[in-house]
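**Student:** Pasting in a structure now, in structure tokens, and then I'll have a few things to ask.
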Amino acid sequence: MVIRMARCEDAEAFFAMLCRLDRETVYMMYEPDERAASSDAGKLRSRIEGGLSGGDLILVAEEDGAIAGFLWAERGQPRRIAHTAYIVVGIREPYRGRGLGTGFFHRLDEWARANGVLRLELTVECANSAALRLYEKSGFAIEGVRRGSMLVDGALVDEYYMAKVFRA
1 MVIRMARCED
11 AEAFFAMLCR
21 LDRETVYMMY
31 EPDERAASSD
41 AGKLRSRIEG
51 GLSGGDLILV
61 AEEDGAIAGF
71 LWAERGQPRR
81 IAHTAYIVVG
91 IREPYRGRGL
101 GTGFFHRLDE
111 WARANGVLRL
121 ELTVECANSA
131 ALRLYEKSGF
141 AIEGVRRGSM
151 LVDGALVDEY
161 YMAKVFRA
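Take the sequence shown: its letter number 149 is residue 149 in full-length UniProt numbering, and every next letter is one higher.
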């Protein structure tokens, strides 16, 4: 398994991985059929290009030519939040439990320290215990609860707002 920076030419495989991920878990933002209806690989290619040129960290994990997961750290744009990054991460079910999440977060920390990012933020459904363990192991702490922030299968679902702060 190789963790590397995403490239624009990854867009098609990245998009296919996201669609598979949406079908494998209830913990991603999109429902299983929603992403294909609202986006395509071309739009994702533009987002990757814009993200990379804007200073985001976009990592993919690749094994045998297939993308197994990703971590996207989007930098804050206004100067007052340019020291922050919002994190989205997803790992396909067949690749979970193999240390990939730990690898992503190790690379994230290196990038943050090298690029003046002092605060990393993310949200996670309160019921996603595996992700919570990973985030806490990676130094993130719960800062609050976003009550009823998602509607999943007709039920309101709470999310934790988590962050990791590096001291300047």
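We treat Cβ as the ideally placed atom computed from N, Cα and C, and that holds for glycine.
This one's a predicted model, so the numbers in the text were calculated from it and none came from an experiment.
According to DSSP, is residue 158 part of a helix, a strand, or is it coil?
**Tutor:** In this structure, residue 158 counts as strand in the three-state DSSP scheme.
**Student:** How far does the beta strand (DSSP E) with residue 74 in it extend, from its first residue to its last?
**Tutor:** Unbroken beta strand (DSSP E) run through residue 74: 66 to 75.
**Student:** Secondary structure at residue 123, three-state DSSP: helix, strand or coil?
**Tutor:** Here residue 123 sits in strand by DSSP.
**Student:** Is DSSP giving residue 30 helix, strand or coil here?
**Tutor:** Here residue 30 sits in coil by DSSP.
**Student:** To which residues does DSSP link residue 84 through a beta bridge?
**Tutor:** According to DSSP, which records beta bridges pairwise, residue 84 is partnered with 119.
**Student:** Consult DSSP for residue 17 and reduce its assignment to one of helix, strand or coil.
**Tutor:** In the structure shown, residue 17 sits in a helix (DSSP, three-state: H, G or I).
**Student:** With residue 59 and residue 71 assumed to form a contact (beta carbons below 8 Å), what rounded beta-carbon distance in angstroms separates them?
**Tutor:** Yes, residue 59 and residue 71 are in contact; Cβ-Cβ is about 5 Å, under 8 Å.
**Student:** When the Cβ atoms of the segment 115 to 127 are set against those of the segment 81 to 92, are three or more pairs found closer than 8 Å?
**Tutor:** Yes, since at least three Cβ pairs between the segment 115 to 127 and the segment 81 to 92 fall closer than 8 Å, the two stretches touch.
**Student:** On a CA-only basis, which of 112, 127, 103, 131 is nearest residue 2? Give me that one, please.
**Tutor:** Taking only the C-alpha atoms, the option nearest residue 2 is 103.
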